Amino acid sequence: MPEDTEAVVPAAPRAEATALLRWAVATLPAPSPETEARTLLAYVLGRSPAELIMVGTVGAADARRYAEVIAERAAGTPLHHLTGVAHFRHSTLRVGPGVFSPRPETEVMTGHVITELHRLIADGVTPVVADLCTGSGAIARAITDEVPGINLHACELSEDALSYAMDNLAGTGADLVQGDLADVFGELDGTVDVVVCNPPYIPLEAWESVAPDVRDHDPHLALFSGQDGLDAMRVLAVTAARLLRPGGLVAAEHAEVQHASAVEIFVAHGSWTAVADHLDLTGRPRFVTARRR
Ligand SMILES: C[S@@+](CC[C@H](N)C(=O)[O-])C[C@H]1O[C@@H](n2cnc3c(N)ncnc32)[C@H](O)[C@@H]1O
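Next up, the structure:
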């Protein structure tokens, strides 16, 4: 390994792929050093992680670049900002600075919505869907990939995030607008079958407890929502009631500790029935659903 790389990462080993990976695993933080080491080596080599098995020796320039990205990741730069790519369910998305990186917990809520859409289609309906607070377009993209032929509308307030969503939803036929959850899609009032939303939900008062790599790299508009974190959820309960037809479904993600307070917002609003909370794959309560009366 060239001397200047060793200056950045003193422990960097010789450039056999297996040795580089062993070194990176020992350098990267928990909880997923093995996966991240492989993902980043594949990224640097322009290959898929599955193809790494065919790689013997890594050239000096690639080894140096690998040492640099491992050092950046170890210093807290999100994996997705290094690769510029995130995977969400079966979809691949462009992500980076200025947009919220999609999280695995959102995949379960998206799956719940997709099941509802398949049910509607089996009943002969061509569903109308609204993804509010679309960010990178992750939920909307997964829905259009997995349920073709629907009528999908997505909104996002942030101009920075919108540019990623435009790329990620290009060619899907989705109607993407820059707009506020509070008053968007007035022309759809009473016609939507499913509203899905992963709003910002971290309490402002929890600022100190948010992990620095989240706080420093995800946009604050995507994270924080009033003192108790539920300002956007309260707006969503009103907007979804306006958009949905009777019997239509709303699904919204919340923080684990908000399982009672998020449900209470929908119960208290009066427009909702069958209000229920749901667990993610790790058994934590993470999203609420309700049906328009
Ligand atoms: C937690 S992120 C979710 C992004 C994406 N749906 C996902 O699941 O990865 C919340 C998103 O809501 C957007 N947002 C915040 N306030 C909004 C508002 N009033 N109207 C529309 N979008 C908003 C943020 O910019 C951010 O992109």
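Residue 1 is where the sequence shown starts when you use the working numbering, and the numbers rise one by one after that.
Even glycine gets a Cβ: it sits at the ideal position worked out from N, Cα and C.
Just so you know, these numbers come straight off a predicted model, no measurement behind them.
Contact test: residue i Cβ vs ligand 1 heavy atom, cutoff 7 Å
i	result
PRO285	no
ALA255	no
GLU146	no
ALA26	no
ILE114	no
ILE70	no
ASN151	no
PRO102	yes
LEU243	no
THR172	no
SER158	yes
ALA60	no
ASN198	yes
SER91	no
GLY135	yes
ALA161	yes
PRO219	yes
ILE296	The structure shown does not extend to residue 296, since the chain spans only 1 to 293, so no value can be given for it.
ALA222	yes
ALA211	no
ASP180	yes
LEU132	yes
THR106	yes
ALA232	yes
Residue of the options minimising C-alpha distance to residue i
i	options	result
ALA19	PRO31, ALA30, HIS220 and ALA37	ALA37
PHE224	GLU208, PHE287 and ARG245	GLU208
VAL44	ALA122, LEU28 and LEU82	LEU82
ARG103	ARG119, ASP131 and SER136	SER136
VAL263	THR27, PRO78, VAL147 and ALA237	ALA237
LEU244	ALA61, LEU79 and THR191	THR191
ALA122	GLY226, ILE150 and MET109	ILE150
TYR66	VAL128, PHE287, GLU105 and VAL25	VAL25
ILE53	ALA61, ALA63 and ALA42	ALA42
SER77	GLN258, HIS217, VAL275 and SER261	Strictly speaking, residue 77 in this sequence is Thr, with Ser absent from that position. The shortest C-alpha separation from THR77 is found at HIS217.
Same chain only: Cβ atoms within 6 Å of residue i, ignoring 5 sequence neighbours per side
i	result
ALA17	VAL55 and VAL58
TRP272	PHE266 and ALA290
GLY229	TYR201, ILE202 and PRO203
GLY96	HIS81 and GLY84
ASP280	GLU105, VAL108 and ARG286
HIS278	PHE287
ALA86	HIS80, LEU93, VAL95, SER101 and PRO102
VAL177	CYS155
Anticipated Cβ contact below 8 Å, residue i with residue j, distance rounded
i	j	result
ASP131	ILE139	5 Å
VAL210	ALA161	Their Cβ separation, rounded to whole angstroms, is 19 Å, which puts VAL210 and ALA161 out of contact at 8 Å.
Residue i vs residue j beta-carbon contact at 8 Å
i	j	result
ALA174	LEU152	yes
CYS155	GLY179	yes
PRO285	GLU256	yes
ALA355	HIS269	Not covered by the structure: residue 355. The range shown for the chain is 1 to 293.
LEU79	THR39	yes
ARG293	PRO246	yes
HIS61	ALA15	According to the sequence as given, residue 61 is Ala; it is not His. No, they are not a contact pair.
Neighbourhood of residue i by C-beta distance below 8 Å, restricted to the same chain and skipping five residues each side
i	result
HIS90	ALA142, ASP145 and GLU146
LEU181	LEU132, CYS133, CYS155, LEU157, CYS197, PRO199, ALA232, VAL235, LEU236 and THR239
ARG215	TRP207 and LEU223
GLY171	none
ALA274	THR289, ALA290 and ARG291
7 Å CB neighbourhood of residue i in its chain, flanking five on each side removed
i	result
LEU28	GLU36, ALA37, ILE70, ARG73 and ALA74
GLU116	VAL194 and LEU249
GLY226	LEU204
PRO49	ARG38, THR39 and ALA42
ASP4	Residue placement at ASP4 is poorly supported in this model, since its pLDDT is 42, which falls under 50; the coordinates still yield a value, given next. Excluding positions up to five away in sequence, the list is empty.
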